[in-house]
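> Per the working numbering, the very first residue in the sequence shown carries number 1137; after that it's consecutive.
Before I ask anything, here is the structure I am working with.
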Amino acid sequence: MNRKERIAMLPGSFDPPTNGHIDIIERSSHLFEKLFVVVADNVQKQCLFTADERMDMLKEILKDHENIEVVSYRGLVVDFAREHGVGVMVRGVRALVDFGYEFELAMTNKQLNPDLEVLFMPTSPKYFQLRSSAIKEMAAYGADISPMVPPLVVQMMRNRIKLLTL
């Protein structure tokens, strides 16, 4: 990695984007000159929102951050890193369970791309229990998810759940 150009990425499914995701993204953006937020476009994963919808939500939420670029990518994140000159992959971790999974994934990615470093960033305590899967379930049962996700996501979730229940 060229020390003059500190480029990082934060990949994830972001289905939906949570306040915890936004916190990690914003904190990471202060550490790097450029941060790619890479929305995973994995056709094998069942998502509530399409990759384009997730990308559009994140673009709108993060529009005031000049050094953040939101992109969608179908493929291995190590290949994205190689193609875009990314030297660091940021991964948010909530607990020891997350760390174990993320550490194993980091070791695999290191074998595939030895030049890619991984930075584990612990979540802020107020977002410790936020999980996209739990938020989707709560929203499906009509719970108030507004403390957990940005306002745009609340609206998108309400609209999507209405469509699914028709």
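No residue lacks a Cβ here, since even glycine has one placed at the ideal position from N, Cα and C.
Values in this document were obtained by computation on a predicted structure and should not be read as measured data.
#1: The beta strand (DSSP E) spanning residue 1208 covers which residue range?
#2: Report yes if the C-beta distance between residue 1206 and residue 1191 is below 8 Å; otherwise report no.
#3: Is residue 1156 buried or exposed, if buried means 16 or more other CB atoms sit within 10 Å of its CB?
#4: Is the region 1265-1283 close to the region 1240-1252, with three or more CB pairs under 8 Å?
#5: Could you compute how far the alpha carbon of residue 1288 sits from the alpha carbon of residue 1154?
#6: Would you call residue 1261 buried or exposed, if buried means 16 or more other Cβ atoms sit within 10 Å of its Cβ?
#7: What first and last residue would you give for the alpha helix (DSSP H) that runs through residue 1156?
#8: Can you tell me which of 1152, 1145 and 1200 puts its alpha carbon nearest to the alpha carbon of residue 1088?
#9: Would the beta-carbon of residue 1257 fall within 8 Å of that of residue 1164?
The short version:
#1: 1204-1209
#2: yes
#3: buried
#4: no
#5: 11 Å
#6: exposed
#7: 1155-1165
#8: There is no way to answer for residue 1088, as the model of the chain reaches only from 1137 to 1302.
#9: yes
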